[in-house]
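Here's the structure, in structure tokens; my notes come after.
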Amino acid sequence: MQTRLSPREILDHLVKFPTVSRDTNLPLIDWVEGYLADHGITCHRHVKADDPGKAALFAHVGPELPGGVILSGHTDVVPVDGQPWTTDPFTVTERDGKLYGRGTTDMKGFDALAIWALVEAQARGVLRPVQIALSYDEEVGCAGAPPLIEAMQGRVPRADTVIVGEPTMLKAVTGHKGGTTFWVHVHGFEVHSSIMHTGVSAIMYGAKLIEWANRMNAESAAATPGPVAAQFDPPYTNVHVGQISGGTAHNITAKDCEFGLGFRVVPGETLEHWEGKLRAAAAEVEAEMKAVRPEAWIEITPAFSLPPFKPKDGSKAETLVRQLTGDNGTKHVSYGTEASHFQAAGYSVVVCGPGDIAVAHQPDEYITLAQFKQGQAFMERLLEHLSA
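Residue numbering for the sequence shown follows the numbering used here, starting at 529 and increasing by one per position.
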């Protein structure tokens with residue numbers, strides 16, 4: 529039997545794998561699968577359908593019974609390109625009570641603790657089952673969670689409780705906004721700018737859709753939020769354009785304008801509702817364009833979609849995490865996680881993990897030693913719960 533590694537030793541291994549979302553995560557998956565196998569744990573691998581360079585991993589420990597707890601984490605991290613790191617981002621560096629490295633907070637810190645807890649559960653012989661689920665492509669729209677969840681069905685006993693370990697300072701997060709983004713391509717018609725009235729500037733008509741987004745934000749901000757929306761900051765669905773490109777020269781009406789337009793949707797509203805509003809607004813602008821040049825049009829392509837994570841008071845997952853942490857506060861967030869996909873699949877879900885989301889994705893990302901140790905204490909209490 530191989531030596532059981534400490535959470536810190538596991539974290540060192542995980543961070544050294546540069547699992548940026550655009551690249552493969554297989555070396556990390558290989559290592560985790562091998563380490564768990566050395567401790568008698570059978571793993572199941574799900575390979576991404578259109579990219580064999582990426583895979584998810586899941587495993588079950590304890591009685592072959594339904595009703596267990598899933599520890600859910602993602603293996604991918606965001607890029608470090610252009611960031612002014614003062615340490616090697618793919619080596620854990622301890623300094624001033626902090627562990628620096630890409631993913632230490634988001635979310636290889638939790639992954640290391642979950643792997644440690646699974647091996648401990650195997651060694652201790654827990655009376656109730658625990659599972660681990662490690663996904664890919666979370667950082668590019670939580671795209672890896674649905675196929676992972678589907679792959680788990682029938683391969684391992686169905687759990688009923690999920691702890692998604694995104695960094696929350698070990699506070700129970702019971703709701704978050706959904707998200708959906710569309711790539712908008714405005715196809716105009718080029719003419720000399722001196723006779724611009726005979727052409728269609730894709731940029732200027734695209735600006736009308738961007739101004740529509742501004743109006744939606746202003747109207748939503750001025751409205752009285754409902755009881756669920758009021759728990760978020762901001763307490764409404766916001767519309768955002770973060771990238772734009774287009775045009776060929778200053779004296780030519782732009783033939784093309786492209787931009788991403790996204791929504792952060794509060795629970796109680798649907799992604800489909802906001803997609804419908806966008807397409808209706810685009811149809812109005814397109815009609816204006818076609819009145820000048822029938823060849824002009826607007827193309828809208830879905831980029832990603834994440835449903836809202838709806839608060840459910842007193843859920844099994846929430847109750848468990850509150851017992852383990854002693855946290856009784858109400859916390860909802862505006863960023864998205866894989867929790868909503870697990871919830872949509874019928875699981876009871878809570879988001880709770882060590883670390884501060886404020887330092888995620890930043891240069892010199894870190895998790896404090898105190899938070900990491902508190903995360904281990906959280907897992908220890910979970911193991912006691914599973915052994916009771």
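Glycine included, C-beta positions come from ideal geometry on N, C-alpha and C.
Runs of alpha helix (DSSP H) lying entirely within the stretch 838 to 897, each at least 4 residues, in chain order: 844 to 853, 867 to 872
Is the beta carbon of leucine 852 closer than 8 Å to that of leucine 799? no
Tell me the DSSP secondary structure of aspartate 551 in three-state form. coil
Would you give the residue range spanned by the beta strand (DSSP E) that serine 748 belongs to? First-last for serine 748: 730 to 750, but that is the alpha helix (DSSP H), not the beta strand (DSSP E).
Put valine 820 into one of helix, strand or coil per three-state DSSP. helix
Okay, do the stretch 674 to 690 and the stretch 593 to 610 touch, 3+ Cβ pairs below 8 Å being the bar? yes
Do you know how far the Cα of phenylalanine 791 is from the Cα of tyrosine 733? 20 Å
Three-way DSSP call (helix, strand, coil) for glutamine 681 in this model: strand
Once you ignore the five residues that flank glutamate 667 on each side, which residues in its own chain have a CB closer than 6 Å to its CB? Ser549, Asp604, Val606
Three-state secondary structure assigned by DSSP to valine 668: helix
On the CB-based measure, 16 or more other CB atoms within 10 Å of its CB, does arginine 630 come out buried or exposed? buried
In DSSP terms, what valine 560 is bridged to: Answer is none; valine 560 lacks a bridge partner.
Cβ separation of isoleucine 660 and alanine 730, assumed to be a contact under 8 Å, to the nearest whole Å: That belief does not hold up - the Cβ atoms of isoleucine 660 and alanine 730 are roughly 48 Å apart, past 8 Å.
When you compare the CB positions of proline 795 and valine 756, do they come within less than 8 Å of one another, or not? yes
In chain order, which beta strand (DSSP E) runs of at least 3 residues are fully inside the stretch 574 to 630? 583 to 589, 597 to 602, 621 to 623, 626 to 628
For glycine 637, report the span of its beta strand (DSSP E) as first-last. From DSSP, glycine 637 is part of no beta strand (DSSP E) but of the alpha helix (DSSP H) over 636 to 652.
Return the bridge partner residues of phenylalanine 832 from the DSSP annotation. Thr709
For the alpha helix (DSSP H) holding arginine 536, just list the boundary residues, first then last. 535 to 544
If you measure between the beta carbons of histidine 860 and valine 692, is that distance less than 8 Å? no
Three-state secondary structure (DSSP) of glutamine 759: helix
Could you tell me which of Gln902, Leu914, Tyr894 sits nearest to lysine 636, measuring between CA atoms? Tyr894
Give the single residue among Leu662, Thr547, Asp892, Ala811 whose Cα lies nearest to the Cα of lysine 736. Ala811
So, with DSSP's three-state summary, where would you put valine 813? helix
So for threonine 696, helix, strand or coil by DSSP? coil
Rounded to the nearest angstrom, how far is the Cβ of glycine 707 from that of leucine 834, given a contact under 8 Å? 5 Å
In chain order, what are the residue ranges of uninterrupted beta strand (DSSP E) at least 3 long that sit wholly in the stretch 778 to 815? 784 to 793
Rounded to whole angstroms, what's the CA-CA distance from proline 839 to alanine 809? Just pull it up for me. 31 Å
Should serine 600 go down as buried or exposed, given a rule of 16 or more other Cβ atoms within 10 Å for buried? buried
Taking the beta carbon of threonine 547 as the centre, do at least 16 other beta carbons fall within 10 Å, making it buried, or is it exposed? buried
Could you please give the first and the last residue of the uninterrupted beta strand (DSSP E) stretch that includes histidine 567? Run containing histidine 567: none; DSSP gives neither H nor E here.
Can you find at least 3 beta carbon pairs, one from the stretch 609 to 620 and one from the stretch 898 to 913, that sit closer than 8 Å? no
Determine, using beta-carbon pairs with one atom in the stretch 636 to 649 and one in the stretch 538 to 545, whether at least three such pairs fall under 8 Å. yes
Measuring CB to CB, does leucine 662 end up less than 8 Å from alanine 577? no
Quick one: using the 10 Å Cβ neighbour count with 16 as the cut-off for buried, is serine 868 buried or exposed? buried
Residues bridged to histidine 659 [DSSP beta-bridge criterion]: Here the sequence assigns glutamine to residue 659, which means histidine is not the residue at that position. In the DSSP output, where bridge partners are listed per residue, glutamine 659 has His588, Ile598.
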